[in-house]
Structures are given as C-alpha cells and as structure tokens.
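Under the working numbering, residue 225 is the last one in the sequence shown; the count climbs by one each step, no gaps. Below is one structure, written out as structure tokens; comments come after it.
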Amino acid sequence: RACAAAARRGGPAMNVAMAGSGAGAAQPQVSPAEMLIAEMKGMADCFARMTTSCYSKCIANVKEEKLAVGEQLCVDRCVSKYMDVHAKVGTELQGAMAGAQAAAAAPEAAE
C-alpha cells in the first residue's frame with residue numbers, strides 16, 4: 115500500500131521528472147495516462163527493490179517449498195520496515211517539492 119500511495123503522491127518517477135524542471139520553468143502538463151504509467155512503474159520498482167532486499171536478508175538458501183517460521187518472521191518485519199521507510203521518504207520528498215514550488219512561486223508573485 116505504501117508503494118502505491120507514494121506513487122500516487124508523486125513517487126520516485128514523478129519526483130525525478132519534476133526535479134529536472136528549473137525553479138522558474140513552467141510546470142509541464144502531465145496527462146492522466148502518463149500519471150498512471152508513472153504510478154505503475156513506481157509500484158513495480160518499489161516491489162522489485164523490496165523483494166530483492168528482503169530475500170537477500172531473510173532467506174539464506176532454498177531447501178523446501180515453504181519458508182521456515184524464522185524466515186517468515188524476518189520477511190514480515192523486512193517488508194513492514196521497507197514500506198514504512200518508503201512512505202516516510204515519499205512524504206518528505208513531497209514536502210520538499212511543495213516547499214521548492216512555493217519558494218519558486220513567491221518571487222514570481224512579487225513581480
């Protein structure tokens with residue numbers, strides 16, 4: 115959920131696209147289709163990174179078709195922490211972008 119929420123808020127894909135515009139540059143219009151594509155890419159990237167990270171930390175080797183209890187607990191904690199951090203980073207980035215946009219708009223309003 116946090117990956118999806120971060121993507122909807124303007125997750126990594128949107129932040130990178132917006133960061134490239136200068137302070138005085140006009141914000142480009144983004145179509146709903148482009149926003150959906152960016153959201154899907156952000157969610158896929160989040161899931162892939164989380165899977166790789168938690169698998170390497172929690173699963174030493176694959177001997178059986180099911181995870182051991184310790185592996186399950188480790189994966190649960192890892193996913194929970196990853197999602198919490200991802201949500202916090204997304205919130206901070208969103209706040210930073212809003213602050214940058216407000217700062218860029220203030221000099222324009224004074225003119």
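All C-beta atoms in this analysis are idealised placements derived from N, C-alpha and C, irrespective of residue type, glycine included.
Beta-carbon proximity of residue i to residue j, cut-off 8 Å
{"i": "TYR196", "j": "SER167", "result": "yes"}
{"i": "CYS172", "j": "CYS188", "result": "yes"}
{"i": "VAL85", "j": "MET164", "result": "Because residue 85 is not part of the residues shown, which for the chain are 115 to 225, the question remains open."}
Span of the alpha helix (DSSP H), counted from its first residue to its last, around residue i
{"i": "LYS155", "result": "146 to 172"}
Any C-beta of chain B under 8 Å from that of residue i
{"i": "LEU207", "result": "In the structure shown, chain B does not exist; there is a single protein chain."}
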